[in-house]
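Heads up, the thing below is written out as structure tokens.
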Amino acid sequence: MSNIINLLTRAFFMSTPLILGALGEVIAERTGMMVTAVEGIFLIGAWGGFIGAYLSGNLVIGFLVAMICGILVAMLYGVTTVYMNQHQIVMGTAIAILTTGFCTFFYRVIFGVQTTPLKVETLPVIAIPFLSEIPIIGPIVFSQNIVTYLTYLLVPVIFYVLFKTSLGLTLRSCGESPEAADAAGINVRQVRFLAVAVAGCLGGVAGAYYSLCNVGMYTSEIISGRGWIAFGICFLGNWNPVGALTFGIVFGISDAIGVYVKALGLAGLPSELFSALPYFLVIVLTVCRKQLKVPEKLGVNYIKEN
Amino acid sequence: MGTPAIELKNITKRFAKVLANDNVSMTIGEGEVVALLGENGAGKSTIMKILYGLYHATSGKIFIDGQEKVITNPKEAMSLGISMIQQHFSLVPAHTVTENIILGNCKGKIDYKAKEKEVQELADYYHFDVPAGEYVKNLTVGTQQKVEILKALYLKARILIMDEPTAVLTPQESETLMQFIRDYVAKGNSVVFITHKMKEVIEVSDRIIVMRNGRVCGQIEKDEVATIDEATLAYKMIGHDLDELQMPGEEDYSKRKKRVVVEHVSIQPKDQVALLSDISFDIHEGEVFGFAGVSGNGQQELCEALYGARKLTSGKIMLDEEDISTLSVKERIKRGMGYVASDRYRYGMVADMSLSENMLLKASYLSRWIKHGIINWKKVDEDTETAIKDYTIKAPDHMISAGSLSGGNQQKVVVAREVDMGDSMIIFDQPTRGLDLGAINYVHKTILREKEQGKSILLVSTELSEIFSLSDRIAVLYKGKIMGIYKNTELTTEKIGLLMAGVDEKEEKHHEK
Chain A
260 MSNIINLLTR AFFMSTPLIL GALGEVIAER TGMMVTAVEG IFLIGAWGGF
310 IGAYLSGNLV IGFLVAMICG ILVAMLYGVT TVYMNQHQIV MGTAIAILTT
360 GFCTFFYRVI FGVQTTPLKV ETLPVIAIPF LSEIPIIGPI VFSQNIVTYL
410 TYLLVPVIFY VLFKTSLGLT LRSCGESPEA ADAAGINVRQ VRFLAVAVAG
460 CLGGVAGAYY SLCNVGMYTS EIISGRGWIA FGICFLGNWN PVGALTFGIV
510 FGISDAIGVY VKALGLAGLP SELFSALPYF LVIVLTVCRK QLKVPEKLGV
560 NYIKEN
Chain B
90 MGTPAIELKN ITKRFAKVLA NDNVSMTIGE GEVVALLGEN GAGKSTIMKI
140 LYGLYHATSG KIFIDGQEKV ITNPKEAMSL GISMIQQHFS LVPAHTVTEN
190 IILGNCKGKI DYKAKEKEVQ ELADYYHFDV PAGEYVKNLT VGTQQKVEIL
240 KALYLKARIL IMDEPTAVLT PQESETLMQF IRDYVAKGNS VVFITHKMKE
290 VIEVSDRIIV MRNGRVCGQI EKDEVATIDE ATLAYKMIGH DLDELQMPGE
340 EDYSKRKKRV VVEHVSIQPK DQVALLSDIS FDIHEGEVFG FAGVSGNGQQ
390 ELCEALYGAR KLTSGKIMLD EEDISTLSVK ERIKRGMGYV ASDRYRYGMV
440 ADMSLSENML LKASYLSRWI KHGIINWKKV DEDTETAIKD YTIKAPDHMI
490 SAGSLSGGNQ QKVVVAREVD MGDSMIIFDQ PTRGLDLGAI NYVHKTILRE
540 KEQGKSILLV STELSEIFSL SDRIAVLYKG KIMGIYKNTE LTTEKIGLLM
590 AGVDEKEEKH HEK
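Now the structure itself:
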């Protein structure tokens with residue numbers, strides 16, 4: 260029993276960055292922007308977060324640096340795609356690769372080549388009084404860190420904004436029919452650019468979660484495709500924050516199982532097999548998922564003639 | 090008349106090298122319907138898009154109620170009471186009617202129930218049968234247009250610009266629209282009506298402004314509109330007379346050989362509405378068989394089925410007594426089938442390739458131009474040059490890319506190729522869509538010429554005048570079904586309009602009882 264509770268606690272813990280990244284992706288993709296730079300945004304978030312926290316000795320500063328790094332990379336992506344009409348997928352992939360080299364190089368420039376990795380204290384768990392004492396649910400849901408709590412709060416907030424407010428209608432219209440939004444006097448490019456920046460901010464925090472909450476250090480393999488998983492979760496969740504939450508948890512569980520089995524060291528089964536579980540899951544679930552409500556103009560740049 | 094609601098003074102608009110509007114001046118008064126008449130590319134949409142803030146004039150001034158205004162975007166135009174309904178609707182198909190109408194005009198939290206009620210009341214006030222809570226993608230084109238109009242009315246527009254509003258409507262829907270325009274104008278508002286259809290212009294407008302080559306080339310004042318005839322208007326529009334077409338006579342085709350026979354053809358995708366159900370007809374030698382109907386009622390599917398681009402669920406297609414139902418597109422081309430697709434940019438040509446290459450596009454496996462897999466370019470180029478001459482295509486040579494030609498000349502290239510390939514049968518799907526009068530006239534003459542040569546011709550068009558002036562027999566398609574096959578002379582515009590709206594004759598009689 261306690262094993263299962265541990266596993267689920269871990270699952271919720273691991274799902275946080277995936278949900279965060281997917282939420283950012285939901286916001287951007289609803290406006291028609293496929294933020295394919297997400298893997299790079301995650302990585303630079305992990306990198307910037309660690310450097311900020313290590314040099315200042317303060318995790319809050321770490322997260323702030325991660326946000327700024329995420330926003331900057333997202334803005335690079337936004338400027339080239341939204342304003343310079345470059346292909347979204349090509350640009351995003353190029354930026355993702357660029358950040359890999361950038362992070363590895365500047366990590367060495369700043370810290371030199373280390374024999375043992377540098378470490379920071381990870382973000383502490385805040386057990387919510389009373390609630391965390393509820394059996395089973397208490398330890399799983401109410402004994403997490405502050406970022407996890409905020410992420411779970413963000414889900415209804417983003418849902419409300421997207422579907423109940425004028426801002427949400429504007430965002431969704433830009434992704435469904437930018438021409439119609441334009442005709443209604445909405446600055447489509449600006450909306451799209453800002454949405455991408457928001458996705459960059461959330462993605463930066465998500466990346467820093469790996470370095471500052473999970474392992475307390477930075478390695479160049481720290482993200483290893485998890486940005487793409489967040490990207491996939493946005494699709495699977497039908498561009499809906501609640502869907503992102505659901506599939507985020509599913510992937511959190513599979514991630515936790517991978518880590519758990521690795522720790523147990525089950526005889527005969529290679530642990531890499533379980534580490535690969537989330538990636539298998541992306542493929543299987545994406546193929547099985549039917550009736551996706553893709554925003555009509557997702558990935559299509561809006562070029563206005565004048 | 091006092092100060093006009095809108096006055097445009099000496100507007101000039103230049104796109105890179107093209108002069109779209111050259112020193113255009115006009116006024117729009119309160120409570121009048123002004124028609125802007127002209128061919129494609131005459132600059133009528135451009136001038137209105139400048140007024141609506143979509144384009145910016147290179148030079149010139151705009152006065153609203155006598156005051157000079159600079160309109161830089163549609164939002165500013167709307168705040169001045171100007172609304173424009175564009176040819177391609179600016180609606181979000183995946184959103185509801187209400188969401189579409191309030192887009193950009195609401196703040197903060199949206200009370201969807203209250204907004205929906207407000208929109209529904211507005212629709213009811215204007216007698217528009219529009220469900221406020223429905224998704225736009227589920228509405229017919231006619232209703233979508235009403236949503237566009239409601240959008241303008243919601244913003245309290247007093248000047249409504251409509252760009253080719255009747256192009257997508259059935260005759261009955263057009264009549265409702267005209268009725269609305271008259272009611273709306275009676276309330277002291279104004280309407281600008283952009284069109285190239287002369288009949289509606291005479292019917293609805295108080296004043297007509299004719300444009301040609303970016304200039305205003307004539308105005309027909311209030312008292313003259315009632316007496317003017319179409320021929321005079323056409324002359325003003327294109328600057329020369331049109332060649333008269335000979336209406337199809339009552340020729341008896343029953344003794345001639347049936348070249349094309351279509352029997353009980355159905356296309357039924359799994360778990361979806363049938364695209365075509367139980368289509369049967371035949372086309373004789375030298376006959377033009379017209380398909381009328383509002384676009385999207387199965388016309389394209391029917392053409393694709395005949396051409397081999399779509400699999401039949403059931404039924405049979407015969408060409409010259411041979412069953413071709415299961416043959417590939419390639420095999421059908423070999424048997425002399427030509428196909429002028431409705432969307433030439435997607436299915437008819439490669440814009441970046443030269444005219445020669447485009448001529449070769451569908452014949453790359455025919456032995457005429459190919460020997461042992463090697464293209465005889467000299468022959469292709471020669472034949473292309475001949476086509477350029479024969480079809481009076483305005484192109485310097487065969488090397489130029491198809492995309493650099495005007496729409497009408499591109500269509501001529503496609504028509505030249507398909508007429509050449511289609512020895513036995515040619516399918517024309519909306520062959521004149523988006524073309525100007527001169528090019529339309531040419532395509533029509535080509536169709537009649539090929540008919541004379543004994544080819545069977547299937548003509549799909551949403552323009553009733555085109556159907557009536559070319560077809561020997563006419564079928565009406567509605568939701569993938571044939572509503573009836575008639576001789577040209579048996580049909581009136583009214584009757585065909587009802588059929589296009591899906592009203593069966595029998596049903597109609599039933600209602601009368």
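One line per chain: the protein sequences are A and B, in this order. Counting from 1 along the first sequence, just add 259 to a position and that's the residue number in the working numbering. Counting from 1 along the second sequence, just add 89 to a position and that's the residue number in the working numbering. The beta-carbon is built from N, C-alpha and C at its ideal position, and this holds for glycine as well. A quick note: this is a predicted structure, and the numbers were derived from the prediction, not measured.
Chain-ordered neighbours of residue i on chain A, where CB pairs are closer than 9 Å
| i | result |
| --- | --- |
| S179 of chain B | S436, E438, A439, A440, D441, A442, A443 |
Given residue i as reference, the closest of the options once Cα atoms are compared
| i | options | result |
| --- | --- | --- |
| F364 of chain A | A:I542, A:G307, A:G502, A:L279 | A:G307 |
| A528 of chain B | B:K102, B:R457, B:G497 | B:G497 |
| E121 of chain B | B:F282, B:Q389, B:M589 | B:F282 |
| G475 of chain A | A:G491, A:P537, A:P376 | A:P376 |
| H373 of chain B | B:K344, B:S148, B:M442 | B:K344 |
| L192 of chain B | A:A333, A:T429, A:T545 | A:T429 |
| T521 of chain B | B:A430, B:I574, B:V439 | B:A430 |
| R421 of chain B | B:S445, B:D432, B:R433, B:K451 | B:K451 |
| A440 of chain B | B:Y454, B:I482, B:N577, B:S495 | B:S495 |
| N386 of chain B | B:V257, B:A131, B:Q542 | B:V257 |
| V181 of chain B | B:E410, B:D213, B:Q234 | B:Q234 |
| N302 of chain B | B:R538, B:G328, B:E210, B:I536 | B:G328 |
Under 8 Å by beta carbon: chain A residues contacting residue i
| i | result |
| --- | --- |
| M677 of chain B | Because residue 677 of chain B is not part of the residues shown, which for chain B are 90 to 602, the question remains open. |
| P358 of chain B | Residues of chain A passing the Cβ test: none, with the nearest at roughly 15 Å. |
| K196 of chain B | S425 |
Contact under 8 Å by Cβ, residue i with residue j
| i | j | result |
| --- | --- | --- |
| D512 of chain B | Y342 of chain B | no |
| D367 of chain B | V349 of chain B | no |
| G397 of chain B | V377 of chain B | no |
| S315 of chain A | F510 of chain A | no |
| I309 of chain B | M115 of chain B | no |
| I563 of chain B | I556 of chain B | yes |
| S496 of chain A | V332 of chain A | Note that residue 496 of chain A is Gly in the sequence shown, not Ser. Cβ atoms of G496 of chain A and V332 of chain A: not closer than 8 Å. |
| L318 of chain A | L279 of chain A | no |
| M350 of chain A | T340 of chain A | yes |
| G170 of chain B | I248 of chain B | yes |
| V420 of chain A | L412 of chain A | no |
| L126 of chain B | L322 of chain B | yes |
Partners in chain A for residue i, counting only beta-carbon separations shorter than 7 Å
| i | result |
| --- | --- |
| N162 of chain B | G444 |
| L580 of chain B | Chain A residues near L580 of chain B: none, gap ~37 Å exceeds 7 Å. |
| E188 of chain B | L428 |
Contact with chain B by residue i, beta-carbon distance below 8 Å
| i | result |
| --- | --- |
| E555 of chain A | yes |
| T290 of chain A | no |
| L428 of chain A | yes |
| T358 of chain A | no |
| K378 of chain A | no |
| S530 of chain A | no |
| K521 of chain A | no |
| N499 of chain A | no |
Residue i at chain A interface by Cβ criterion, 8 Å
| i | result |
| --- | --- |
| I246 of chain B | Contrary to the premise, residue 246 of chain B reads as Ala rather than Ile in this sequence. It does not: the Cβ of A246 of chain B has no partner Cβ on chain A nearer than 8 Å. |
| L125 of chain B | no |
| I199 of chain B | yes |
| G523 of chain B | no |
| A203 of chain B | no |
| P520 of chain B | no |
| K602 of chain B | Residue placement at K602 of chain B is poorly supported in this model, since its pLDDT is 41, which falls under 50; the coordinates still yield a value, given next. It does not: the Cβ of K602 of chain B has no partner Cβ on chain A nearer than 8 Å. |
| K102 of chain B | no |
| P182 of chain B | yes |
Closer than 8 Å at the beta carbon, the chain E residues around residue i
| i | result |
| --- | --- |
| L192 of chain B | No chain E appears in this structure, whose protein chains are A and B. |
Residue i CB to nearest heavy atom of the ligand GTP below 7 Å
| i | result |
| --- | --- |
| Q389 of chain B | Within the structure as shown, the ligand GTP is missing, as the structure has no ligands at all. |
- Query: What are the start and end residues of each continuous alpha helix (DSSP H) run of 4 or more residues lying completely inside the segment 450 to 535 of chain A, in chain order?
  - Reply: 485 to 495, 500 to 523, 530 to 534
- What are the complete beta strand (DSSP E) segments, minimum 3 residues, inside the segment 206 to 260 of chain B? The segment 206 to 260 of chain B contains, as complete beta strand (DSSP E) runs of 3+ residues, the segments 248 to 252 (chain order).
- Task: Ignoring anything shorter than 3 residues or poking outside the segment 284 to 366 of chain A, list the beta strand (DSSP E) runs there in chain order.
- Result: Counting only runs of 3 or more, we get nothing.
- Item | Runs of alpha helix (DSSP H) wholly within the segment 375 to 425 of chain B (minimum 4 residues, chain order) | 388 to 396, 418 to 423
- Task: Entirely within the segment 428 to 452 of chain B and at least 4 residues each: give me those alpha helix (DSSP H) ranges in chain order.
- Result: 444 to 449
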